Amino acid sequence: EDKVVQSPLSLVVHEGDTVTLNCSYEVTNFRSLLWYKQEKKAPTFLFMLTSSGIEKKSGRLSSILDKKELFSILNITATQTGDSAVYLCAVSTGALNFGKGTSLLVTP
Amino acid sequence: NAGVTQTPKFQVLKTGQSMTLQCAQDMNHEYMSWYRQDPGMGLRLIHYSVGAGITDQGEVPNGYNVSRSTTEDFPLRLLSAAPSQTSVYFCASSFTLGGVETQYFGPGTRLLVL
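Chains A and B, in that order, are what the protein sequence lines are.
Under this note's numbering, think of the first position of the first sequence as 91, with each following residue one higher.
Under this note's numbering, think of the first position of the second sequence as 948, with each following residue one higher.
Structural data, given as structure tokens:
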């Protein structure tokens, strides 16, 4: 059975902190790993990772994949209150297998 | 392009009623899927389709039917609604390029079954 596990489940930080969100997986037929940000609506796409060791960056967010150890991390530096959301990790095997998400709250 | 559209945005049903959640995409994507999202459970795959005329079950298919008569439309049917089907439902479509898949989500349908 394909499995995607995210940690921590929830996190509270102060503005300006740096956070690291984790996603580990056990799947057959790995195609890619995707990160989404979800506020009170549909998930919005952040990154797609297919190769190990290549960091993807977008502003204060970055992500990297380790296909040997079967995990990915999402880093957010200098957090802002607008970063408060649920961050979803999904692994594509043909279908998308989602983790349960990490709920991030950034306080002023 | 309108992307992925879903109707209705919100629906209240009584136990035992039936209804169809509509999903359409205008991007000519072959792959479409339905997810439900519940607190603490993340997004779970209900049914998916790899092209017109082809559907398959996902992780939580019981109580739901789908059909794919056209590339554009992928309706989800609840034959006899139950309170356990209270959830937010997301439809998605995707394409694969160079072996890499990109998915687009609809805005969601919030369903309450009393």
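Even glycine gets a Cβ: it sits at the ideal position worked out from N, Cα and C.
Just so it is clear, the structure is predicted and the values come from calculations on it, not from any experiment.
Test: residue i CB closer than 8 Å to a CB of chain A
i	result
residue 1050/B	yes
residue 1055/B	yes
residue 950/B	no
residue 992/B	yes
residue 980/B	yes
Chain B contact residues for residue i, given Cβ-Cβ distances below 8 Å
i	result
residue 143/A	The premise fails here: residue 143/A is roughly 17 Å from chain B at the closest Cβ pair, so nothing lies under 8 Å.
residue 190/A	987, 988 and 989
residue 131/A	1054 and 1055
residue 178/A	989 and 990
Residue i: CB within 7 Å of a non-hydrogen atom of the ligand FAD
i	result
residue 177/A	Here there are no bound small molecules, and the ligand FAD is not part of this structure.
Residue i: contacting residues in chain A (beta-carbon distance under 9 Å)
i	result
residue 1011/B	Here the premise fails: no neighbours, minimum Cβ distance about 15 Å.
Identified DSSP bridge partners for residue i
i	result
residue 104/A	197/A
residue 93/A	116/A
residue 1057/B	957/B and 1035/B
residue 967/B	1024/B
residue 111/A	164/A
residue 979/B	996/B and 1040/B
residue 962/B	According to DSSP, which records beta bridges pairwise, residue 962/B is partnered with nothing at all.
Beta-carbon neighbours of residue i, restricted to chain A and to distances below 7 Å
i	result
residue 995/B	185
residue 1005/B	185
Contact set between residue i and chain A, taken where Cβ atoms lie within less than 8 Å
i	result
residue 1037/B	132 and 133
Exercise. Hey, which unbroken runs of the alpha helix (DSSP H) at 4 residues or more fall wholly within the stretch 981-1034 of chain B?
Worked result: none
For this session: Enumerate, from N- to C-terminal direction, the unbroken beta strand (DSSP E) stretches of 3 or more residues contained entirely within the stretch 124-191 of chain A.
Result: Within the stretch 124-191 of chain A, the complete beta strand (DSSP E) runs of at least 3 residues are 134-139, 146-148, 151-156, 161-166, 175-182 and 186-188.
Exercise. Got a sec: which bits of the stretch 1017-1037 of chain B sit with their beta carbon under 7 Å from any beta carbon on chain D, in order along the chain?
Worked result: This model lacks chain D altogether; the protein chains it does include are A and B.
For this session: May I ask you to verify whether the stretch 964-981 of chain B touches the stretch 1022-1030 of chain B, counting CB pairs closer than 8 Å and requiring at least 3?
Result: yes
Exercise. Is the stretch 95-104 of chain A touching the stretch 121-128 of chain A in the sense that three or more CB pairs, one from each, lie closer than 8 Å?
Worked result: At 8 Å Cβ cutoff, the stretches do not touch.
Exercise. Are the stretch 152-172 of chain A and the stretch 1007-1025 of chain B touching, with three or more C-beta to C-beta distances below 8 Å?
Worked result: no
For this session: Inspect the CB distances between the stretch 1041-1061 of chain B and the stretch 996-1009 of chain B and report whether three or more fall short of 8 Å.
Result: no
For this session: Please confirm if the stretch 979-987 of chain B is in contact with the stretch 952-960 of chain B, defined as three or more CB-CB distances below 8 Å between the two stretches.
Result: no
For this session: Check whether the stretch 156-171 of chain A touches the stretch 103-115 of chain A, counting contact only when three or more Cβ pairs, one atom from each stretch, lie closer than 8 Å.
Result: yes
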